[in-house]
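Enquirer: First to last, the protein sequences are chains E and R. Read left to right, the first sequence gives residues 80 to 423 (the numbering used here). Read left to right, the second sequence gives residues 90 to 358 (the numbering used here). Think of the CB as a built atom: it goes at the ideal place given N, C-alpha and C, for glycine as much as any other residue. Only a predicted model underlies this, so the values are computations on that prediction, with no experimental measurement involved. The structure's right below; bear with me while I get my questions together.
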Amino acid sequence: MSANPHPPISPPASPLLEVRDLSIGFAAAQAAQAGRPVLPTIERLSLHVQPGQTLGLVGESGSGKSLLALAVMGLLPPTARILGGSLQVAGQNLLNATPGQWQQLRRHTLAMVFQNPRQALNPVRPIGLQLQDALQSRAPLSRAQAQAQALALLEQVEIDQAPARLKAYPHELSGGMCQRVLLALALSREPRLLLADEPTTGLDITTQAAILKLLTRLANERHMATLLITHNLTMARQHCSHLAVMHAGQLVEAGPADQVLQQPLHPYTRGLRAATPQRGLALADLQAMPGGLPDLGRADLPACRFAERCPQVQTRCDTQFPEWRPQASAPSEALHRAACWSLI
Amino acid sequence: MALLEVQSLVKTYPLPVAPGQRAGRDTAVLRAVDGVSLRLEAGQALGLVGESGSGKSTTAALVARLADPDSGQIRLDGEDLVRVPARRAARAPWRAQVQLVFQDAAGSLNPRHTAQEAIAQPLQHLAGLSGQALQRRVLEAAALAQLPEALLQRLPHQLSGGQAARVGLARAIGLRPRLLILDEPTSALDVSVQMGLLQRLDSLRRELGVSLLFVSHDLEVVRLLCQQVAVMRRGRIVENGTTEQVMESPRHPYTAQLMAALGELDGAD
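As structure tokens, this is what we get:
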């Protein structure tokens, strides 16, 4: 546990994670394309997460959700370039962080769980030792102390027969149990911000529910902020207080989860909602969304990247990204807002 | 008579033996499918639901005759499908009647064949078509799966997940099968794409009278598409009935657990 008492939730604390106007692109891999300007994959994205808050980041696959999480963790692939904007965690600017500072952040402040938990674990090392390695990397502990703490972590993530599991290899555990181990590894950092990238995709539906319940409980108990990346709106609604909706690398809507889902402002959010199965709706009541994500390498990409799929498209959508409405002088997570010309 | 009748299907796999021991008659076996019986009427959709390891995909593979059961019967319109062993089933006269759509759409296509070639193959081999007649049927299949013609010359890696899923569906539907077996065909897709594919499957069922055996772990999706549902656990069917019966008043605790795991987009939890 952290030695500091938890900061009060109100009056407004400074955000734990603050992303401002962040643009990320990929340098051309092929020599033929070298020298061309790098086009932004993520374009001028701003969002923030308050201490203890759970923000759901939703959108179709390919919309840049995982890329953003990797940027926050300092794990961008070598061809990725930060083209502008700022990225701060706990007041520290990450864009000019040294490798040593990144290591400190990933040992004490940030942690991430991934979609394929088995692949994220070392296949040839028992999980107990993997936990001990993680614990000993951040504090000088004797082997017995590290083992005791590893066991305590496995118990916190509700693994059955935890003492016996310390010696298990990842292949001896189910997918759900591997995800619990990954969560235990993340908790060993005592992180202030947990990034969870589709943590339950690929797991059984009953296991999904159990893992998310566990995640929510641990986040509450530890006052740990969570950025939950998911393409499942129902899951986002159940586990997140706030939502940010991304389409093709652009943030299009944000606000309290209930408001975003019950009175969506942006046509993209409305489209996602209309395609999501829910009780009481038959197949004919649901609507597939036209088209797919645009090719982000295109030179003639419209300013609002949703324009070509949008039922309410206007001529200016092609040339100018819309202002956020309603506007606020200071960013406030309580404000439900969207970027769409149809709102102006 | 039902279109598909499955009776007391059993499939076992030997469990791994300890090092130094040899597999023998008394080697422990896993009863992956343990006495499964199913009925599917023509033009209906049956959802086969359960968690990973429950035997639902093995059951689908047995019905699709990709594997041989240890015992039990599979009848399509009264014809015994088990009589032809799985290794010769690719050439069985009923192969065109029973077709499959896989979960990993892009991964189940030959990476070096265009969409056009992928859709043409079953029509060439099982319907003996060539030339203009083949071309006509390929276009027809693409239209049935709502695959734009412009995509037909693309290779699998040039297709999005949703487009690859439509190639897989066009390939299966081109032969106008009577039974389509779908193993988690939409679980890797975004909702925006998933809904279009589900609606397409539903119209194929209603317009062409294709019966669907739909394997999924997601009851919410099964509810949208299927009139009947069978819930599997540990190789056995623990509950079956109309989708409404099973979902409104589940009898087996496991079904109730599956229902409880479904969230809601509106209202309180």
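Quick check on E:G104: does DSSP put it in helix, strand or coil?
Expert: It is a strand residue.
Enquirer: Since I believe R:T332 is in contact with R:G136 (beta carbons under 8 Å), could you give me their beta-carbon distance rounded to a whole number of angstroms?
Expert: With a beta-carbon spacing of about 7 Å, R:G136 and R:T332 fall inside the 8 Å limit used to define contacts.
Enquirer: Tell me the DSSP secondary structure of E:I206 in three-state form.
Expert: Taken through DSSP and simplified to helix, strand or coil, E:I206 comes out as helix.
Enquirer: How would you write the range of the alpha helix (DSSP H) that E:A347 sits in, first residue to last?
Expert: In the sequence as displayed, the identity of residue 347 of chain E is Tyr instead of Ala. Residues P346 to A354.
Enquirer: To the nearest angstrom, how far is the alpha carbon of R:D358 from that of E:R316?
Expert: Low local confidence applies: a pLDDT of 45 at R:D358 is under 50, so the model's placement there is unreliable, with the coordinate-based value given in what follows. Spanning the alpha carbons of R:D358 and E:R316 requires a straight line of approximately 10 Å.
Enquirer: Report the partner residues of R:M321 according to the DSSP bridge assignment.
Expert: R:I326
Enquirer: Please tell me whether E:I284 has its Cβ less than 8 Å away from any Cβ of chain R.
Expert: yes
Enquirer: Measure the CB-CB distance between E:G143 and E:I121 and report whether it falls below 8 Å.
Expert: yes
Enquirer: Could you work out which residue in E:L266, E:Q171, E:L414 and E:V324 is closest to E:V137 when comparing CA atoms only?
Expert: For the residues E:L266, E:Q171, E:L414 and E:V324, the minimum Cα distance to E:V137 belongs to E:V324.
Enquirer: Which first and last residues belong to the beta strand (DSSP E) in which R:Y102 is found?
Expert: L93 to P103 is the extent of the beta strand (DSSP E) around R:Y102.
Enquirer: Go to R:Q162, then tell me how far its beta strand (DSSP E) extends in each direction, as first and last residue.
Expert: S160 to L165
Enquirer: Cα separation between R:R322 and R:S143?
Expert: When the Cα atoms are used, R:R322 and R:S143 turn out to be separated by approximately 5 Å.
Enquirer: In chain R, which residues lie less than 7 Å from E:P356 when you measure between Cβ atoms?
Expert: Neighbours of E:P356 on chain R, chain order: E309, V310 and L313.
Enquirer: Give a yes or no on whether 8 Å exceeds the smallest Cβ distance from R:Q205 to chain E.
Expert: no
Enquirer: To the nearest angstrom, report how far apart E:H302 and R:D159 are at their CA atoms.
Expert: 54 Å
Enquirer: Can E:T280 and E:L294 be called in contact, C-beta distance under 8 Å?
Expert: no
Enquirer: What does the alpha-carbon distance come out to for the pair R:E130 and R:A91?
Expert: 5 Å
Enquirer: Tell me whether E:M314 sits in a helix, a strand or coil according to DSSP, three-state version.
Expert: Looking at E:M314 - three-state DSSP - the assignment turns out to be helix.
Enquirer: When the Cα atoms are used, what is the spatial distance from E:E27 to E:Q171?
Expert: Lying before the first or after the last residue shown, residue 27 of chain E is absent from chain E, which here runs from 80 to 423.
Enquirer: Which full runs of the alpha helix (DSSP H) of 4+ residues lie inside the region 212-246 of chain R, going along the chain?
Expert: The region 212-246 of chain R contains these whole alpha helix (DSSP H) runs: 220-233.
Enquirer: How is the alpha helix (DSSP H) around R:I262 delimited, first residue to last?
Expert: G250 to I262
Enquirer: So if DSSP puts E:V137 in a beta bridge, which residue, or which two residues, is it bridged to?
Expert: E:T309 and E:V324
Enquirer: Under a CB-based cut-off of 8 Å, is E:A229 close to chain C?
Expert: Judged by its chain identifiers, the structure shown contains no chain C, and its protein chains are E and R.
Enquirer: Check whether chain R comes within 8 Å of E:Q187, counting only Cβ atoms and requiring the distance to be less than that.
Expert: In the sequence as displayed, the identity of residue 187 of chain E is His instead of Gln. No, because no Cβ of chain R sits closer than 8 Å to the Cβ of E:H187.
Enquirer: May I ask whether a heavy atom of the ligand SAH can be found less than 7 Å away from the beta carbon of E:L220?
Expert: Although the ligand SAH was asked about, the structure shown includes no ligands whatsoever.
Enquirer: Only counting the same chain, and skipping five residues up and downstream in sequence, which positions put a Cβ closer than 8 Å to that of R:E140?
Expert: Correct list, in chain order: H306 and R322.
Enquirer: Suppose the cutoff is 6 Å on Cβ atoms and the five residues either side in sequence are ignored; what does the same chain contact list for R:E94 look like?
Expert: R128 and R164
Enquirer: Under 8 Å, Cβ to Cβ, is there at least one residue of chain R near E:S221?
Expert: Residue-level contact by beta carbon fails for E:S221 and chain R, as no gap is shorter than 8 Å.
Enquirer: Could you check the C-alpha separation between E:K292 and R:R226 for me, to the nearest Å?
Expert: 50 Å
Enquirer: Which residues of the region 315-330 of chain E have a Cβ closer than 7 Å to any Cβ of chain R? Give them in chain order.
Expert: R316 and Q317
Enquirer: Could you give the DSSP three-state label for E:G170: helix, strand or coil?
Expert: In this structure, E:G170 counts as coil in the three-state DSSP scheme.
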